[in-house]
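Its first residue numbered 766, the sequence shown is counted upward by one per residue in the working numbering. Backbone N, C-alpha and C fix where the C-beta goes; we use that ideal spot for every residue, glycine too. Note sheet for the following structure.
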Amino acid sequence: MLLDEPLGALDAMTKITMQEELARIHEVEKITMVLVTHDLEEAIYLADRVLILPKTKGDPIRTIEVTLSRPRVRSSADFVALRQELMAEFGLH
């Protein structure tokens with residue numbers, strides 16, 4: 766299933782509900798999903814692998830394996846640590 770920014774225009778509560786539904790569909794149907802998002806937390810919550818595209822053409826694509834157990838808990842120490850690591854890579858705090 767290809768999903769290109771499917772949740773970007775939703776309010777926060779609906780977005781979380783839909784993320785949980787996508788995670789459920791993935792678990793039940795065992796289908797491959799390719800999700801394009803600019804939301805780091807969404808990527809961590811839904812993905813097994815995150816690809817970070819470079820700002821400069823020709824630079825390598827960075828791949829991060831998300832090894833957190835499922836179901837993912839956004840408030841868990843491992844989830845928060847991974848989110849902070851990714852935010853730091855983007856120069857965010």
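Worksheet item: Using the rule of at least 16 other Cβ atoms within 10 Å of the residue's Cβ for burial, across every protein chain shown, is residue 808 buried or exposed?
Response: buried
Fill in: Length of the line joining the Cα atoms of residue 835 and residue 797
Going from the Cα of residue 835 to the Cα of residue 797 covers about 16 Å.
Item to complete: Provide the residue span of the beta strand (DSSP E) that contains residue 802, from first to last.
Response: Where residue 802 is concerned, there is no enclosing beta strand (DSSP E), given that its DSSP letter is neither H nor E.
Discussion item. Tell me whether the segment 839 to 856 and the segment 802 to 818 touch, counting them as touching only if at least three CB pairs, one residue from each stretch, are closer than 8 Å.
Written reply: yes
Worksheet item: Which same chain residues, not among the five before or five after residue 829, have their C-beta less than 6 Å away from its C-beta?
Response: 815
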